[in-house]
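Structure first, commentary second.
2 protein chains.
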Amino acid sequence: MLDKIDLSKGFTKKESKKLIENLGMELSALQRECKRLQIPVMIVFEGWGAAGKGTLINRLIQPMDPRGFKVFTIQDESEEEYMRPFLWRFWTKTPAKGRIHIFDRSWYRRVINDRMEKNLDKDELRNAYNEIVFFEENLSLDNNLIIKLFLHISQKEQKKRFKKLEASPETKWRVTENDWRHNERYDDYLHVYEEMIEKTDTEFAPWTIVEATDREYAEVKILSTVVTAMKNKIAQVEAAKAEKPGETLAGKVKSPYKTTVLEGIDLNKSLTKDEYKKKLKNLQEKISKLHSELYKQRIPVILAFEGWDAGGKGGAIKRLTEKLDPRGYEVIPTASPNDIEKAHHYLWRFWNAVPKAGHIAIFDRTWYGRVMVERIEGFCTEDEWKRAYKEINEMEEQFTNFGAIVIKFWLHIDKDEQERRFKERMETPEKQWKITDEDWRNREKWDQYEEAVDEMIVRTSTSYAPWVVVEGNDKYYARIKVLETVVNALEERLNK
Amino acid sequence: MLDKIDLSKGFTKKESKKLIENLGMELSALQRECKRLQIPVMIVFEGWGAAGKGTLINRLIQPMDPRGFKVFTIQDESEEEYMRPFLWRFWTKTPAKGRIHIFDRSWYRRVINDRMEKNLDKDELRNAYNEIVFFEENLSLDNNLIIKLFLHISQKEQKKRFKKLEASPETKWRVTENDWRHNERYDDYLHVYEEMIEKTDTEFAPWTIVEATDREYAEVKILSTVVTAMKNKIAQVEAAKAEKPGETLAGKVKSPYKTTVLEGIDLNKSLTKDEYKKKLKNLQEKISKLHSELYKQRIPVILAFEGWDAGGKGGAIKRLTEKLDPRGYEVIPTASPNDIEKAHHYLWRFWNAVPKAGHIAIFDRTWYGRVMVERIEGFCTEDEWKRAYKEINEMEEQFTNFGAIVIKFWLHIDKDEQERRFKERMETPEKQWKITDEDWRNREKWDQYEEAVDEMIVRTSTSYAPWVVVEGNDKYYARIKVLETVVNALEERLNK
């Protein structure tokens, strides 16, 4: 999930100055409001070394009344802390009503460290995260506002920052051997951080990922996140007082600084016809062999295809299955639910279609309809699609716990390419059936879909069931990428 | 928890006949209502072998329209089921809207079997239960009504029933070697069932324990539970339709057939003064030695004392600590929260008082105030005390995960004995400070407290932090039981 985020966002100093000034004034007023309404606030800073936690905490507290907040720097446990249950040191640091506690690293620190150094197994890890989720839920039910920020930079950026710090005699001491080891093991940490976010991203204590390459951008996003969260909490508390809890959801404000994925995708990737033919033949042969190996080893495979209309799902699925033994796979097209399906939970029809061990199920459109079309068309409530991320993650985790390989493809094209393909379909008699008025109507909602897809990929790209965004403007490139991804995933599992 | 339940409840045939007739008519009407409102209903039967699941399911369905329900008997997995993720077979069996699915054993079956045969470790087990809780939560959010019944009989009763079945040629085949093995290992299973109930007893899918010694009583309790749950669900759905969700809680109906603990306690137990003196000396010496061993091995101990006013908490704590090294223990009296405590989560002050590894903390009144005095006096909302059971269980589990020994004592006396002691206190000048008007006021709420205490003990007596009900009418007996319990628990841990 983290590796998919566009980290190039930035502001000029000039742009950000005014924004920061305004947000600061808002924050200062909101702090007073939180005090008046007796709301305890916890703000957690986690993220990469050298991502700028210290500086950014410093900037966040500038506009605040210093009598109302406290900053805690969480390092290794003291003797006193070590001799008590893990969460003791954090329970004792929870804020009183109306106060703000800011954590430079937090209860997540130990889980991350233990995970990397002690190699916690999957079950232990899940339980550690459960304890944390329970801690946050407890406090949140008791009216605490919990804001969790993850400061994200790339491996390259981190390296650059460490080097810069080392170059100056005053800051040299700040870069330790440990820091360099972390930088070398960036990918391992990435994986662990993803898991952390995914397991603890709850409605009552959500994570916000802060693209921290540009300090100004990061500062604006942090201020905006805190301001937005406080406003919503205040509205919720006021509504509860006035006994109009229903009003809160509708009046909810959103921070304009969103985490995006699709924007950063390079759609110029392509292959020549010759390259394509050669690779296709090779990959199809491989996959056919791997398929029988899967069957022998009883490994189920679930491949989920989503993407823009005319994004090339059909073509990719065709190339994928052409050389497969039809007794070992099934393509499951997903249309609008029929009456029997509507009479059940939305996941019921997909549970019904779970492949047997050793079989491949290819879903042409999937359970993700819940957080795309159903969200946008209002076929389900906001509560329903919001909790669907967690429901879907949990379902996919159950599949992979059972031993399944789960891969999800988003076939990505740009708006111009879609128009070209739509027109081509209308003009080609044998393709006309592929295009309907609904396709044109969906196209008008492109921006809404883009927002939904960005959120979907960030929230449901997990270590066990990753999303693969396929650059689809060139069909040859797209088909080969799908096949290669599948072949690599199967080889990796089978060679283990 | 299960071992504390009073299993002697019964009805005569005559008493139960009219009750069953009336409940059956209600059930039949409610089934139609659920259909009209499109509510899917799942009724789960779990419990001991020979507890009467088959018979009782049969009786439950008598009043129902057979076109609206289906009974599933869950046995070992078929080949088809074995080749798919664990919950697949149950997802596919979820009822459509308006239908009732009854499960003779369920998704709990495999967890219990695996736990006993494959020795699942603590983490694996917790995750298995998490998957189940998530499954039930998913369905419940989608408007399913989930009713879970645990049919409970004693080891002796089970043995009697197996023998009776064996005695008749027609039913002999029904008792297998496995059944006898289960009966021999009753205590192990008891432990596993307790864990199951504790981990999966949620607000959206609560367990009801059915005392199944007497078939008539069990039938009435089952019918009453199903009828009550349906009524509440229907009220909730109607209120949501009318957009008055707030009204539901207030209008909630309760089944009159409660699970009780205190009623079954024998308060005639006593010791002579000589017995008492001898035992006391011996136990105090032991505990003093064990205390230094605890300190060396860095094991923290948490002893929680609750009980009726004048139940003898003070006297028991005094005898417990008399010979202990004061540097290694602390008695923490719990009064009404002060202003700083009120500004935090209700558990905050108890977290602050968690003992260091190697130390003993003795709480004179505890965090259980939430589900007793705060519940009864309305100092917290119904939502708050209801979720407190889970919050408290989770907290105590975190303590024991850290290695702590946690024991909770309920000092039990009857109403007459309390009156005698109150009067004695009033008449004895040096004891007068011990009795206040509040004590007399609390006494008037005896029945409410008894209900709250019964519920508290059933919901929070866990494998890791059990409640010990101390028969307290005789002070000598009570003090010795407390000391013996502590000594046994410490010895058990230290001899490991």
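Taken in order, these protein sequences are the chains called W and L.
Per the numbering used here, the first sequence starts with residue 234, numbered consecutively.
Per the numbering used here, the second sequence starts with residue 234, numbered consecutively.
Where is the CB? At the ideal position from N, CA and C, for every residue including glycine.
Note that the coordinates shown come from a computational prediction; the quantities given were computed from them, not determined experimentally.
- The beta carbons of residue 423 of chain W and residue 309 of chain W sit no closer together than 8 angstroms.
- Sequence-distant partners of residue 647 of chain L (beyond 5 residues in either direction) whose C-beta falls short of 8 angstroms from its own C-beta, in its chain, are 500 and 706.
- Within 7 angstroms of the CB of residue 587 of chain W, the CB atoms of chain L belong to 317, 318 and 321, in sequence order along the chain.
- Nearest to residue 413 of chain L by alpha-carbon distance, out of L:485, L:389 and L:352, is L:389.
- Among the residues facing chain L, residue 590 of chain W is included, as its CB has a counterpart in that chain under 8 angstroms away.
- Any Cβ of chain L closer than 8 angstroms to the Cβ of residue 584 of chain W would place that residue at the interface, and such an atom is present.
- In summary, residue 611 of chain W is exposed, with fewer than 16 beta-carbon neighbours lying within 10 Å of its beta-carbon over all protein chains present.
- Going by DSSP, residue 673 of chain L is part of the alpha helix (DSSP H) stretching over 670-677.
- Closest by C-alpha distance to residue 545 of chain L, out of L:654, L:261 and L:565, is L:654.
- Residues 452 of the same chain have their beta carbon placed closer than 6 angstroms to that of residue 292 of chain W, with the five preceding and five following residues left out of the count.
- Look at residue 720 of chain W here: in three-state DSSP terms it is helix.
- If you draw a straight line from the Cα of residue 493 of chain L to the Cα of residue 700 of chain L, it is about 14 angstroms long.
- Per DSSP, residue 429 of chain L has no beta bridge partner at all.
- Taking 4 residues as the minimum length, the alpha helix (DSSP H) runs contained wholly in the region 482-539 of chain W are 506-530, in order along the chain.
- Residue 646 of chain L carries a coil assignment under DSSP once its states are collapsed to helix, strand and coil.
- In the DSSP assignment, residue 275 of chain W is bridged to W:334 and W:379.
- If you look at residue 356 of chain W, you'll find it isn't in any beta strand (DSSP E); it sits in the alpha helix (DSSP H) that goes 355-374.
- Take the alpha-carbon of residue 365 of chain L and the one of residue 433 of chain L: they are about 8 angstroms apart.
- Looking at the backbone, the Cα of residue 443 of chain W and that of residue 374 of chain L are separated by about 32 angstroms.
- Annotation for residue 460 of chain L: 256, 259, 260 and 263 place their beta carbon closer than 7 angstroms to its own, counting only its chain and skipping 5 residues before and after.
- Using a 10 angstroms sphere on the CB of residue 629 of chain W, the tally of other CB atoms reaches 16 or more, which defines it as buried.
- Under the 8 angstroms criterion on CB atoms, residue 346 of chain L is classed as non-interfacial with respect to chain W.
- Here residue 387 of chain W has 240 as same chain residues with Cβ atoms under 6 angstroms from its own Cβ, once five neighbours each way along the sequence are excluded.
- Its chain contains no residue whose beta carbon lies nearer than 7 angstroms to that of residue 569 of chain L once the 5 sequence neighbours on both sides are disregarded.
- Secondary structure note for residue 597 of chain W: its beta strand (DSSP E) is the uninterrupted segment 593-597.
- For residue 460 of chain L, the secondary structure class from DSSP, reduced to helix, strand or coil, is helix.
- With fewer than 16 other CB atoms across the displayed protein chains lying within 10 angstroms of its CB, residue 497 of chain L is exposed.
- Straight-line measurement puts the Cα of residue 449 of chain L at about 15 angstroms from the Cα of residue 489 of chain L.
- Across the structure, residue 685 of chain L and residue 623 of chain L are spaced so that their CA atoms are roughly 15 angstroms apart.
- With a cutoff of 8 angstroms on beta-carbon distance, residue 384 of chain L and residue 284 of chain L are scored as near each other.
- Taken through DSSP and simplified to helix, strand or coil, residue 424 of chain L comes out as helix.
- Residue 689 of chain W sits buried, since 16 or more C-beta atoms from the chains shown fall within 10 Å of its C-beta.
- Each of L:332, L:515, L:518 and L:487 was checked against the Cα of residue 573 of chain W, and the nearest Cα belongs to L:332.
- Nearest to residue 563 of chain L by alpha-carbon distance, out of L:578, L:524 and L:541, is L:524.
- Put simply, the CB of residue 281 of chain W is far from chain L, with every gap to its CB atoms at 8 angstroms or more.
- Sequence-distant partners of residue 242 of chain L (beyond 5 residues in either direction) whose C-beta falls short of 8 angstroms from its own C-beta, in its chain, are 444, 446, 447 and 450.
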